[in-house]
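A.B. asks: Residue numbers (full-length UniProt numbering): 1 to 206. Cβ atoms here follow ideal geometry from the backbone N, Cα and C, with glycine treated the same way. For clarity, every value in this text was computed on a predicted model and none was experimentally measured.
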Amino acid sequence: FQWVPSVLPMKIWTSEHVFDHDWETVVHAAWRKYPNPMNGAVTAVDVVDQKMHEGKLVSERILQSHFPIPSWATKLTGFSGTQYSHEFTTIDPNNRHMQLTTRNLCGISFLRVDEELTYRPHDSEHGKTVLRQEAIVNVNLPAFTDYCEKTFLHVYESNAAKGRKGIEWVIDHLRKEMSDLTNKVSTEVQEMQEKVMGALSQTRQR
């Protein structure tokens, strides 16, 4: 889809966060963020399309998520809380820029959420990455519109914080994987060296 500004009444939420990690590390973690114990709202991810275009990795995915909602909201809209969203991602390694846009696919007649995230290296602090987030929420209901928009933005803000913690979790997890792999290789090399030395020792004794 294309990012199109809404002409309906809306609520906008923006945020900026600095990660103490380089851009490549953060983007790698952001791409592998789900599933994640820090944010259990996203329950499944399906890759629809993925390709290289003009040196950029372009990907489309469908995300399944679940959000607890009040029973009165379910009665009013029929929405159970299970949501499917379309995610469009572009990673430009040459310019070190990642952009991710998401729009919900369920309940679009009464709720539309457009989300945009960008990851760029920090302008002045080497080895750090800036995440900018924006969410635009439109609610089309006969009542409680303002309340629903504010409530959803509160939920979104909470999930955004969990998402940032999720990236930190993935980074720690990747580093542990690398450390375990390094230790395993070191152990195997040591064992091989001992076998070689043992074989040489036996040969000399003969």
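Is it true that the region 152 to 164 meets the region 46 to 59, where meeting means three or more beta-carbon pairs spaced less than 8 Å apart?
C.D. replies: Not touching, per the Cβ criterion.
A.B. asks: Please state whether DSSP places residue 41 in a helix, a strand or coil.
C.D. replies: Position 41 of the sequence shown, counted from the first residue, corresponds to residue 41. Coil.
A.B. asks: Rounded to a whole number of angstroms, what is the C-alpha to C-alpha distance between residue 85 and residue 36?
C.D. replies: Sequence index remark: in the sequence shown, residue 85 carries index 85 (1-based). Sequence index remark: in the sequence shown, residue 36 carries index 36 (1-based). The alpha-carbon atoms of residue 85 and residue 36 are separated by roughly 17 Å.
A.B. asks: Using the three-state DSSP reduction, which class does residue 97 fall into: helix, strand or coil?
C.D. replies: Counted from its first residue, the sequence shown places residue 97 at position 97. Strand at residue 97.
A.B. asks: Using C-beta distances below 7 Å, list every residue in its chain close to residue 119, excluding the 5 sequence neighbours before and after it, in chain order.
C.D. replies: One-based indexing of the sequence shown puts residue 119 at position 119. Within the same chain, residue 119 has close Cβ partners 23, 26, 27, 30, 98, 129, 131.
A.B. asks: What did DSSP end up calling residue 17 once you bin it into helix, strand or coil?
C.D. replies: Within the sequence shown, residue 17 is the residue found at index 17, counting from 1. Residue 17: strand per DSSP, three-state reduction.
A.B. asks: Any idea what DSSP makes of residue 11, helix, strand or coil?
C.D. replies: For the purposes of this step, residue 11 is identified with residue 11 of the sequence shown, where counting begins at 1. Three-state result, residue 11: strand.
A.B. asks: Determine the burial state of residue 39: buried for a count of at least 16 other Cβ atoms within 10 Å of its Cβ, exposed for fewer.
C.D. replies: Against the sequence shown, residue 39 aligns to sequence position 39. It is buried - the Cβ of residue 39 has at least 16 other Cβ atoms within 10 Å.
A.B. asks: Could you tell me if residue 55 is buried or exposed, where buried requires 16 or more neighbouring beta carbons within 10 angstroms of its beta carbon?
C.D. replies: For the purposes of this step, residue 55 is taken as the residue at position 55 of the sequence shown. Answer is exposed; the Cβ neighbour count stays below 16.
A.B. asks: Can you give the Cα-Cα distance for residue 65 and residue 19, rounded to whole angstroms?
C.D. replies: As a working note, residue 65 is residue 65 in the sequence shown. As a working note, residue 19 is residue 19 in the sequence shown. Roughly 25 Å between the two C-alpha positions.
A.B. asks: What span of residues does the beta strand (DSSP E) with residue 87 cover, start to end?
C.D. replies: The residue you call residue 87 lines up with position 87 of the sequence shown. Where residue 87 is concerned, the enclosing beta strand (DSSP E) stretches over 82 to 92.
A.B. asks: In this structure, does DSSP put residue 33 in helix, strand or coil?
C.D. replies: As a first step, residue 33 must be located in the sequence shown, where it is residue number 33. If DSSP states are grouped into helix, strand and coil, residue 33 belongs with coil.
A.B. asks: Assuming residue 138 contacts residue 112 under a Cβ cut-off of 8 Å, what Cβ separation, rounded to an integer in Å, is found between them?
C.D. replies: If you number the sequence shown from 1, residue 138 lands on position 138. If you number the sequence shown from 1, residue 112 lands on position 112. Yes, residue 138 and residue 112 are in contact; Cβ-Cβ is about 4 Å, under 8 Å.
A.B. asks: Please say whether residue 17 and residue 164 have beta carbons closer to each other than 8 Å?
C.D. replies: For the purposes of this step, residue 164 is taken as residue 164 along the sequence shown, with counting starting at 1. For the purposes of this step, residue 17 is taken as residue 17 along the sequence shown, with counting starting at 1. Cβ atoms of residue 164 and residue 17: closer than 8 Å.
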